[in-house]
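For the record, the sequence lines run as chains A and B.
Just so you know, we're using the working numbering here: the first sequence kicks off at 1 and counts up by one.
Just so you know, we're using the working numbering here: the second sequence kicks off at 1 and counts up by one.
The structure appears right after this line, and notes come after that.
Protein chains: 2
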Amino acid sequence: MTDGAMAPGLSGSASDPEMHVRTVESARFVGGQVPDLAEFDQWYDECGKQNYTEVERVPLEDLAGWRTDPVTGNIGHHSGKFFTVQGLDVRLPGAAVPAWTQPIINQPEVGILGILVKEFDGVLHCLMQAKVEPGNANGVQLSPTVQATRSNYTGVHKGKAVPYLEYFRDRDRPHRMIADVRQSEQGAWFHRKRNRNMIIEVFEPVEVLDGFCWLTIGQVHELLQVEDLINMDARTVLACLPFAGAQPADTTSGLDGFRAALMRSCEGGRGSRHSMGDILAWITDARTQYDDVHATMIPLDQVRGWRRNPEAIWHETGAFFRVIGVNVRAGGREVGQWMQPMIEPLGIGLVAVLVKRIDGVLHVLMHARVEAGYLDVIELGPTVQCTPENYDHLTPAARPPFLDEVLATSPDQIRYDTVLSEEGGRFYHARNRYLVVETNRDVPLQQYPDYRWMTLSQLGELLRHSHYVNIQARSLIACLHSLWSKQAVLA
Amino acid sequence: MTDGAMAPGLSGSASDPEMHVRTVESARFVGGQVPDLAEFDQWYDECGKQNYTEVERVPLEDLAGWRTDPVTGNIGHHSGKFFTVQGLDVRLPGAAVPAWTQPIINQPEVGILGILVKEFDGVLHCLMQAKVEPGNANGVQLSPTVQATRSNYTGVHKGKAVPYLEYFRDRDRPHRMIADVRQSEQGAWFHRKRNRNMIIEVFEPVEVLDGFCWLTIGQVHELLQVEDLINMDARTVLACLPFAGAQPADTTSGLDGFRAALMRSCEGGRGSRHSMGDILAWITDARTQYDDVHATMIPLDQVRGWRRNPEAIWHETGAFFRVIGVNVRAGGREVGQWMQPMIEPLGIGLVAVLVKRIDGVLHVLMHARVEAGYLDVIELGPTVQCTPENYDHLTPAARPPFLDEVLATSPDQIRYDTVLSEEGGRFYHARNRYLVVETNRDVPLQQYPDYRWMTLSQLGELLRHSHYVNIQARSLIACLHSLWSKQAVLA
Numbered sequence: 001m002t003d004g005a006m007a008p009g010l011s012g013s014a015s016d017p018e019m020h021v022r023t024v025e026s027a028r029f030v031g032g033q034v035p036d037l038a039e040f041d042q043w044y045d046e047c048g049k050q051n052y053t054e055v056e057r058v059p060l061e062d063l064a065g066w067r068t069d070p071v072t073g074n075i076g077h078h079s080g081k082f083f084t085v086q087g088l089d090v091r092l093p094g095a096a097v098p099a100w101t102q103p104i105i106n107q108p109e110v111g112i113l114g115i116l117v118k119e120f121d122g123v124l125h126c127l128m129q130a131k132v133e134p135g136n137a138n139g140v141q142l143s144p145t146v147q148a149t150r151s152n153y154t155g156v157h158k159g160k161a162v163p164y165l166e167y168f169r170d171r172d173r174p175h176r177m178i179a180d181v182r183q184s185e186q187g188a189w190f191h192r193k194r195n196r197n198m199i200i201e202v203f204e205p206v207e208v209l210d211g212f213c214w215l216t217i218g219q220v221h222e223l224l225q226v227e228d229l230i231n232m233d234a235r236t237v238l239a240c241l242p243f244a245g246a247q248p249a250d251t252t253s254g255l256d257g258f259r260a261a262l263m264r265s266c267e268g269g270r271g272s273r274h275s276m277g278d279i280l281a282w283i284t285d286a287r288t289q290y291d292d293v294h295a296t297m298i299p300l301d302q303v304r305g306w307r308r309n310p311e312a313i314w315h316e317t318g319a320f321f322r323v324i325g326v327n328v329r330a331g332g333r334e335v336g337q338w339m340q341p342m343i344e345p346l347g348i349g350l351v352a353v354l355v356k357r358i359d360g361v362l363h364v365l366m367h368a369r370v371e372a373g374y375l376d377v378i379e380l381g382p383t384v385q386c387t388p389e390n391y392d393h394l395t396p397a398a399r400p401p402f403l404d405e406v407l408a409t410s411p412d413q414i415r416y417d418t419v420l421s422e423e424g425g426r427f428y429h430a431r432n433r434y435l436v437v438e439t440n441r442d443v444p445l446q447q448y449p450d451y452r453w454m455t456l457s458q459l460g461e462l463l464r465h466s467h468y469v470n471i472q473a474r475s476l477i478a479c480l481h482s483l484w485s486k487q488a489v490l491a
Numbered sequence: 001m002t003d004g005a006m007a008p009g010l011s012g013s014a015s016d017p018e019m020h021v022r023t024v025e026s027a028r029f030v031g032g033q034v035p036d037l038a039e040f041d042q043w044y045d046e047c048g049k050q051n052y053t054e055v056e057r058v059p060l061e062d063l064a065g066w067r068t069d070p071v072t073g074n075i076g077h078h079s080g081k082f083f084t085v086q087g088l089d090v091r092l093p094g095a096a097v098p099a100w101t102q103p104i105i106n107q108p109e110v111g112i113l114g115i116l117v118k119e120f121d122g123v124l125h126c127l128m129q130a131k132v133e134p135g136n137a138n139g140v141q142l143s144p145t146v147q148a149t150r151s152n153y154t155g156v157h158k159g160k161a162v163p164y165l166e167y168f169r170d171r172d173r174p175h176r177m178i179a180d181v182r183q184s185e186q187g188a189w190f191h192r193k194r195n196r197n198m199i200i201e202v203f204e205p206v207e208v209l210d211g212f213c214w215l216t217i218g219q220v221h222e223l224l225q226v227e228d229l230i231n232m233d234a235r236t237v238l239a240c241l242p243f244a245g246a247q248p249a250d251t252t253s254g255l256d257g258f259r260a261a262l263m264r265s266c267e268g269g270r271g272s273r274h275s276m277g278d279i280l281a282w283i284t285d286a287r288t289q290y291d292d293v294h295a296t297m298i299p300l301d302q303v304r305g306w307r308r309n310p311e312a313i314w315h316e317t318g319a320f321f322r323v324i325g326v327n328v329r330a331g332g333r334e335v336g337q338w339m340q341p342m343i344e345p346l347g348i349g350l351v352a353v354l355v356k357r358i359d360g361v362l363h364v365l366m367h368a369r370v371e372a373g374y375l376d377v378i379e380l381g382p383t384v385q386c387t388p389e390n391y392d393h394l395t396p397a398a399r400p401p402f403l404d405e406v407l408a409t410s411p412d413q414i415r416y417d418t419v420l421s422e423e424g425g426r427f428y429h430a431r432n433r434y435l436v437v438e439t440n441r442d443v444p445l446q447q448y449p450d451y452r453w454m455t456l457s458q459l460g461e462l463l464r465h466s467h468y469v470n471i472q473a474r475s476l477i478a479c480l481h482s483l484w485s486k487q488a489v490l491a
């Protein structure tokens, strides 16, 4: 909330056309005095040594601080805070799998994911944090400035104060709100989970604490090419950074065709395959069609097809995910030791979009996707979002559309291909292969009524609002933005 | 869903800047061959004779087709369709009234409210219906082309087919989708009720059935000045009609200051007090603040402070509303006779906005309002929305902000002042005084953090999306649009 308190010389907010994201090619650090990415690596390694977790699996029944409700079987924290593991009963009339039950995380609190940005010598920098989470497969990852549940910052945790939180909570500071929007998280694992995604530009000097550093947008984009480095919470916030006007239009002339098409896609106002009105009507229609979707919380003991013993909860086929318990000993974090349940997914997932140049403008093929945990039935997901091995033994008809096309793609069509981690606070070693594949194929609407070609500008417009673009698609939007950087485009 | 099937010569959808609402001063009928509003009156009177309801109060216990659940006390239809009357338990920590329970209508189906529009000789016309509803205090009112619950059009009703429904359901017809968005209804009386608000432009000849007629936008605007004439469902759809570009900008020179400021407010792109980004951040902040609002369905028998006998359900103070039963005999409708429960509110409500010219652009003072039945905690309501007599005996501090200012306004500040009816299918004689009051006062944000000045263009932008603008505010937006017509502006 800026309450109209704009800084002198700045007009409008980030979402207005006049707001430009000032990226430049010359990437450099300011706060940490690290002039290039080689020195970043050194800083990052050092952070990894200072911030660590030792994670040990423990039986669900032995989780100190947590209890299983004797009546429902639900697993909750004794404070009543954080989250509970409950059951969900899903009815999807007309779908391939029209009904199922599953365990799900219920975390009704809206937390804050916030990135502080600041201009140094005309270059916009993001204050990033090297943060370790128990579910991370590789220790430290780059996180937003603030990544805090409400329990975190209201002190239920009994841990240290969350650094920089005051910038996101105190409205009287002179800052500019670039983005502030609640966005959903994994609808297959979370019941109606939302976090507030915030980007705030500050004008005053900011002390850089241990474990934090300023990176330019260009540097963050380069680091998005590295496996498991930029964490999910950072990616979703970065996706909300408006990119219209980030580059002068006339710079497209020197670019290769792909990057020029990408830039036009971000700019907006150019030929999009469908108008924004048509896209919104399509979403309304899809949400109305699936209006008899029911997702009701049930006792965890009443989920069918799942097995439970003192150790864990798992699906009888071994598919989907397991609910496990962990004991965490951490250095460099708010709290030194704790236990918690986590979700451990099966295998590495695939999150892929087909992209296509239509009249010189890059379009992304979005899927109107139902997930049980969504607040409003449907959100726009990537072209393909699944764990391929779940489909290994099924007939081609039962496989998700475009899955085989994406898997069979030739290397010269691949524009982005990196494995990235999902939220390490709730998910144990949850990793997805994020893939951008360029295609020339037609996608007839009659045959694929749940898919639409959209520009990045249209997705950016939807990202100003809640519940339109899912977390996996938001990650890919951050990755697509990163392809602006020359270094980032694959050969 | 247009699926890209644009009619030749038309580009983009209504929500795009190039779409102009083609209103003209010369109001005339086409379908009904009624050339002026005098003849409209004659046609309308005739419709009132052919379409009537005889409504008789009957005890809740005697409603044929309805039953009271012996365990919960909930009142439902034997088919399980239409709606149920249940209980709602509301917790609003920190509010003046932090907790209460109440009866509420649960109608999870998303119905269709649709207006068919068509150009005759360059003038856009709306196909309006003279429709009677049992709750209307005055018989027939002007309704959208289609006003149908899902039960209506899937035949649970066992009534006649809904005329013109095929235009809104059949996607293969050559038409242009001007608006298609789900919007909420009264959050105090409905639990999460939503209807799909649709405007479709057709190009083919349309047969005008008995009880329907084509009216220009200008005529509809004039009729909005008449008490209880344009019904709620028509008003909410009209509010979703985009008004940007409706008049060439240079026509403002001949207008009085108020109408010129109104036109600039609709046009957008001109000085708004707050940027759209700031408005969205303010809404995010408000929704996050009230995130611990809980509204849980409970058995109707468990509402506290309410009395029930075989006749009705009422609050022990006599305030708020009653749940009553009615027996309806209707002519000119789908079904000849039925019974149903209805909500009968206490007194005539007040729905008022303060408007102010800021740098020559009309701004409307909107209120971030919590209602128990909203899907997402808060929607933007008018400056004042209440039943004044509920506050007659309370101290000034307990009265809603701006209520006394609105009631004490001098006649020369009043731009619109008409009593209009709410939905007559569920509410019995529910009427509100709709009021637009121009002011010069300052509204300091520190003192009124839940209020913001907004332009009509900004409200129009929000109306492209669900759950931002409440039903009362949408009615007032339709009324504000109507003030464009010279005839409509009060002296």
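Cβ coordinates follow ideal geometry from the N, Cα and C atoms, glycine included.
Rounded C-alpha distance that separates residue i from residue j
i: ALA64 of chain B; j: GLY139 of chain B; result: 23 angstroms
i: LEU420 of chain A; j: LEU480 of chain A; result: 14 angstroms
i: ALA249 of chain B; j: ILE279 of chain B; result: Residue placement at ALA249 of chain B cannot be trusted, given a pLDDT of 47 that sits under 50; what the coordinates show is reported in the next sentence. Cα-Cα distance, rounded: 26 angstroms.
i: LEU262 of chain B; j: TRP484 of chain B; result: 7 angstroms
i: PHE321 of chain B; j: CYS240 of chain A; result: 44 angstroms
i: ARG415 of chain B; j: TYR374 of chain B; result: 30 angstroms
i: ILE217 of chain B; j: MET128 of chain B; result: 11 angstroms
i: LYS131 of chain B; j: TYR451 of chain B; result: 36 angstroms
i: TYR391 of chain A; j: ALA398 of chain A; result: 8 angstroms
i: GLU204 of chain B; j: THR145 of chain B; result: 16 angstroms
i: TYR290 of chain B; j: GLU61 of chain A; result: 35 angstroms
i: ALA148 of chain B; j: ALA234 of chain B; result: 12 angstroms
i: ARG176 of chain A; j: TRP214 of chain A; result: 18 angstroms
i: LEU209 of chain B; j: ASP36 of chain B; result: 19 angstroms
i: PRO401 of chain B; j: PHE427 of chain B; result: 27 angstroms
Option nearest residue i by Cα separation, candidates the options
i: GLY424 of chain A; options: A:THR387, A:GLU207, A:ILE283, A:ASN231; result: A:ASN231
i: ARG273 of chain A; options: A:VAL355, A:VAL202, A:ARG426; result: A:VAL355
i: ARG171 of chain B; options: A:ARG329, A:ILE75, A:TYR153, A:ALA281; result: A:ALA281
i: SER184 of chain B; options: B:ALA478, B:VAL384, B:LEU463; result: B:LEU463
i: HIS238 of chain B; options: B:LEU229, B:VAL226, B:VAL220, B:ASP228; result: Residue identity check: residue 238 of chain B is Leu in the sequence provided, not His. Taking only the C-alpha atoms, the option nearest LEU238 of chain B is B:VAL220.
i: GLN472 of chain B; options: B:ILE104, B:VAL55, B:HIS367, B:GLN86; result: B:HIS367
i: GLY73 of chain A; options: A:THR409, A:LEU88, A:ASP376, A:ALA179; result: A:LEU88
Residue i: first and last residue of the uninterrupted beta strand (DSSP E) it sits in
i: PHE321 of chain A; result: 321-331
i: PHE120 of chain B; result: 111-120
i: THR68 of chain B; result: 66-68
Terminal residues of the alpha helix (DSSP H) in which residue i lies
i: ALA99 of chain A; result: ALA99 of chain A -> not in any alpha helix (DSSP H); beta strand (DSSP E) instead, spanning 99-106.
i: HIS481 of chain B; result: 471-482
i: GLN219 of chain A; result: 217-223
i: SER265 of chain B; result: 257-267
i: GLN458 of chain B; result: 456-462
i: TYR44 of chain B; result: 37-50
i: GLN289 of chain B; result: 276-289
Interfacial residues, the stretch 283-315 of chain B to chain A, with Cβ spacing under 8 angstroms: When C-beta distances to chain A are compared with 8 angstroms, the residues of the stretch 283-315 of chain B below that value are THR284, ASP285, ARG287, THR288, ASP291, in chain order.
Please identify, using Cβ separations under 7 angstroms, the residues of the stretch 179-199 of chain B that lie next to chain A, in order along the chain. The stretch 179-199 of chain B vs chain A, Cβ under 7 angstroms: ASP180, VAL181, ARG182, ARG196.
Residues within the stretch 224-237 of chain B neighbouring chain A, beta-carbon criterion of under 9 angstroms: Answer in chain order: no residues at all.
To be precise: take each residue of the stretch 345-366 of chain A, compare its Cβ to all Cβ atoms of chain B, and keep it if any distance is under 7 angstroms. Which residues remain? Residues are counted here when their Cβ sits less than 7 angstroms from a Cβ of chain B; for the stretch 345-366 of chain A the count is zero.
Any chance you could list the beta strand (DSSP E) runs of at least 3 consecutive residues sitting entirely within the stretch 406-454 of chain B, in chain order? Annotation: the stretch 406-454 of chain B contains the following complete segments of the beta strand (DSSP E) (minimum length 3 residues), in chain order: 414-421, 431-438, 451-454.
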